[in-house]
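Numbering (mature numbering (1 follows the signal peptide of the UniProt record, and there is no 0)), first residue to last: -28 to -1, 1 to 345.
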């Protein structure tokens, strides 16, 4: 996922696709306030931007632009859920049983207790006007970019400006957790200084400083041992050994952005991102190996397979997989029915060689060809 930060607010180009502007539809909530509802489209899922997909106990669930959520029991005939209470782009989705959470722009967190059939807002933090006397917190209104739940009660949501949220009651309450970058007070002081400047443009040095000290967090994963890692912009990576309450910064061998992270074993993780980079650790992040992918196409989404295997997808329909930790990488290209090779954002295994893929042109199915075929 490609992210660009402007000083007046967030511009999030996800999968290199610009979002179109639509007039919001609003309905009255129980408290009388107006709530935007996702737009219903006849071809959603076929041509719309779909950014993530997961399995609930009862059905598959996928999310994308304009608050659109789709479900399917068969994983073949997808239908859009009505009445989703947001028009914000939804970037990630996670499930524990039939409890499902989706996160996205405007700091949005949605929850479903019935496998994705109906949704409520657990958290919303849209950008708002700041009073001249009020301190500006850069995390206010920041998009959330990934979500992960350990159980039906304990979960994490991460996003821009090192925003990390944790819940221990299924999302009824979310609290901020500090990561190993600049503290919240320092971050607010820095952005206050920038806000006082007359020149409202970033210099190259400003951008580098911001990304190094408060990197945007793109992906989070937890090993069966309880060890947790996060990766983000400009090679930022963090590790927690205490269930996500405290984090330390760790070093990656590549300074570019990592967009995805998979836990493959107790100390075994794979991170992937810009220019075809896939990094692998088998010691919990102390050391990393750079895998030879033979591509410079950016990798956006992935899924873990059994025995140290994984599949990752990205730009120009690229699909890279291996069946086990000992197997070689296999690279292929997804081509849809229109003979296009769209940017792919996520993948859901349907077997060792068959995968559902989603991205800028909706959902499709990809099958890895056996070696030598």
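The beta-carbon is built from N, C-alpha and C at its ideal position, and this holds for glycine as well. As the structure is a prediction and not an experimental result, all values here were calculated from the model.
Range of the contiguous beta strand (DSSP E) that encloses residue i
| i | result |
| --- | --- |
| residue 201 | 200 to 204 |
| residue 338 | 334 to 339 |
| residue 35 | 32 to 36 |
| residue 211 | 209 to 212 |
| residue 71 | 71 to 76 |
| residue 45 | Looking at the DSSP string, residue 45 is not in any beta strand (DSSP E), and its letter there is neither H nor E. |
| residue 95 | 92 to 95 |
| residue 84 | 81 to 84 |
| residue 262 | 261 to 263 |
| residue 26 | 22 to 27 |
| residue 250 | 250 to 253 |
| residue 68 | 62 to 68 |
Proximity below 8 Å, CB of residue i to CB of residue j
| i | j | result |
| --- | --- | --- |
| residue 287 | residue 232 | no |
| residue 224 | residue 235 | no |
| residue 257 | residue 195 | no |
| residue 75 | residue 81 | yes |
| residue 119 | residue 66 | yes |
| residue 249 | residue 280 | no |
| residue 319 | residue 328 | yes |
| residue 121 | residue 113 | no |
| residue 32 | residue 10 | no |
| residue 332 | residue 315 | yes |
| residue 244 | residue 274 | yes |
| residue 125 | residue 140 | yes |
| residue 211 | residue 201 | yes |
Closer than 7 Å: residue i CB and nearest the ligand ADP heavy atom
| i | result |
| --- | --- |
| residue 51 | Within the structure as shown, the ligand ADP is missing, as the structure has no ligands at all. |
Residues that DSSP places opposite residue i in a beta bridge
| i | result |
| --- | --- |
| residue 147 | 138 |
| residue 194 | 200 |
| residue 233 | 243 |
| residue 131 | 116 |
| residue 220 | 211 |
Any chain B beta carbon closer than 8 Å to residue i
| i | result |
| --- | --- |
| residue 87 | Absent from the structure: chain B. Only one protein chain is present. |
Taking contact to mean at least 3 C-beta pairs separated by less than 8 Å, is the region 256 to 268 in contact with the region 306 to 325?
no
Which runs of the beta strand (DSSP E), 3 residues or longer, sit entirely within the region 273 to 335?
282 to 286, 290 to 294, 302 to 305, 316 to 321 and 326 to 331
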